[in-house]
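*Asks:*
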Amino acid sequence: MNLAELAEKLSLKVLTYSEGLERNISGCYVSDMLSDVMANSRKDEIWITIQTHSNILAVASLKNLSGIIIVNKREVDEETLKKAASEHVTIFSSDLTAFEAAGRIYKLIR
Amino acid sequence: MIDGKKEKSGKGESSSSCILIENSCEIIGGDFSRAGEASMRLKKELTGLGIHEDIINRAGTAAFEAEMNVIIHAAAGWMRYTVTPEKLRIIVEDMGPGIQDIALAMKDGYSTAPEWVKQMGWGAGMGLPNIKKNSDEFNIDTVVGEGTSLEIIINILKGEEI
Ligand SMILES: Nc1ncnc2c1ncn2[C@@H]1O[C@H](COP(=O)(O)OP(=O)(O)OP(=O)(O)O)[C@@H](O)[C@H]1O
Ligand SMILES: [Mg+2]
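Sequence lines, in order, name chains A and B. The opening residue of the first sequence carries number 1 in our numbering; numbering runs sequentially from there. The opening residue of the second sequence carries number 1001 in our numbering; numbering runs sequentially from there.
Structure below.
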């Protein structure tokens, strides 16, 4: 499944780098601790978090994650939105909780 | 390949192989907005050399955790890296408080990061163990009250086309 299909199925709002929507997702990682994501996420996974400061871009980029879903209607920092395109990171926002978003993704790709 | 410069500061490095990349970047303590710049530059340069993706990911991860530790725990520092066809050597050195008990600092989950840093999602105490996990050789040199220096070595697989 690619990000565009996922966005449609979960009604995600695309906030940054829509050029990346063709990218496939292989799984999902849920965490708000950045070193945990650095240690345990895998390439092409989509990352669910409520962290919104610009360090999430470096994490997603260095770990080759397919994108980030900011849940709970959290507003994303201006600086993060500005930098995301140059780091090639697609960010979505969602009204869902982390539990609901992960649960739906699990059903879709497992 | 042209006979390159000899490795300058390599402790126990074989000095016969040529240097493909040598670079250094400054890291400012407390400057979270530039966090990742040094590590992303390293990643880009390794990608340019056509090095295997898994090695780039390990290098990027180890470098970024070391870079973050300077930003979180120290006043200032720098990252230097040298790439030869055989190995990547990353040195991250800082002027900071130093580490009192290295064994404790290496423990998964041990962190002295302040509360506001934890709110940003750092300070899980997972950085140093993950640097070690991603390195083929890993050394910490530290003096309390002066600073810390990490040496990270990652072997570039034999037979890998670079
Ligand atoms: N460069 C450094 N200077 C001084 N102390 C350090 C340095 N790097 C690590 N430490 C000490 O070692 C502890 C463990 O480091 P580690 O990177 O594993 O975790 P952390 O940085 O606290 O959290 P995380 O890496 O999960 O964000 C730190 O909390 C700190 O006390
Ligand atoms: Mg750390």
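Backbone N, C-alpha and C fix where the C-beta goes; we use that ideal spot for every residue, glycine too. Computed from a prediction, not measured in an experiment: that's the story for all the values here.
Report yes if the CB atom of L3 (chain A) is closer than 7 Å to the CB atom of T90 (chain A), and no otherwise.
*Replies:* Yes, they are a contact pair.
*Asks:* On the DSSP letters alone, give me the boundaries of the beta strand (DSSP E) that L1088 (chain B) sits inside.
*Replies:* Segment 1087 to 1095, the beta strand (DSSP E) holding L1088 (chain B).
*Asks:* Going by DSSP, what residues sit across from L1150 (chain B) in a beta bridge?
*Replies:* Paired residues: B:V1092, B:I1140.
*Asks:* Going by DSSP in three states, V14 (chain A) sits in which element: helix, strand or coil?
*Replies:* The answer is strand: DSSP assigns V14 (chain A) an E or B state.
*Asks:* Return yes when the C-beta of N1134 (chain B) is under 6 Å from any heavy atom of ligand 2, and no when it is not.
*Replies:* Flag unset: Cβ of N1134 (chain B) not near ligand 2.
*Asks:* Could you please give the first and the last residue of the uninterrupted beta strand (DSSP E) stretch that includes T120 (chain A)?
*Replies:* One cannot answer for residue 120 (chain A) here, as it falls past the ends of chain A, which runs 1 to 110.
*Asks:* Under the three-state reduction of DSSP, which class applies to G1010 (chain B): helix, strand or coil?
*Replies:* Here the model assigns G1010 (chain B) a pLDDT of 44, short of 50, so the residue's position is not dependable and the matter cannot be decided.
*Asks:* Is there at least one non-hydrogen atom of ligand 1 closer than 6 Å to the beta-carbon of M1126 (chain B)?
*Replies:* Checking the Cβ of M1126 (chain B) against ligand 1 gives yes.
*Asks:* Opposite R1080 (chain B) in the DSSP bridges: which residues?
*Replies:* Bridge partners of R1080 (chain B): B:S1024, B:I1091.
*Asks:* What are the start and end residues of each continuous alpha helix (DSSP H) run of 4 or more residues lying completely inside the stretch 1097 to 1138 of chain B, in chain order?
*Replies:* You should have 1102 to 1105, 1115 to 1119, 1127 to 1134.
*Asks:* Kindly indicate which residue of B:I1156, B:A1038, B:E1022 has the alpha-carbon position closest to the one of N1069 (chain B).
*Replies:* With distances taken between Cα atoms, N1069 (chain B) lies closest to B:A1038.
*Asks:* When the Cα atoms are used, what is the spatial distance from K13 (chain A) to S1017 (chain B)?
*Replies:* Cα to Cα, K13 (chain A) sits roughly 51 Å from S1017 (chain B).
*Asks:* Should M1 (chain A) be labelled buried (16 or more other beta-carbon atoms within 10 Å of its own) or exposed?
*Replies:* Looking at its Cβ environment, which holds fewer than 16 other Cβ atoms inside 10 Å, M1 (chain A) is exposed.
*Asks:* May I ask you to check if the CB of N1069 (chain B) is nearer than 6 Å to at least one heavy atom of ligand 2?
*Replies:* Yes, ligand 2 has a heavy atom inside 6 Å of this Cβ.
*Asks:* Using DSSP's beta-bridge definition, name the partner residues of I1072 (chain B).
*Replies:* Paired residue(s): none; I1072 (chain B) is not in a bridge.
*Asks:* Using a Cβ cut-off of 9 Å, pull out every chain A residue sitting near K1043 (chain B), in sequence order please.
*Replies:* Simply S61, L62.
*Asks:* Assuming S109 (chain A) is part of the alpha helix (DSSP H), what are its boundary residues?
*Replies:* The sequence given here has Ile at residue 109 (chain A), not Ser. Per DSSP, I109 (chain A) belongs to the alpha helix (DSSP H) from 98 to 109.
*Asks:* Cα separation between K1044 (chain B) and M1126 (chain B)?
*Replies:* Distance between the alpha carbons of K1044 (chain B) and M1126 (chain B) is about 25 Å.
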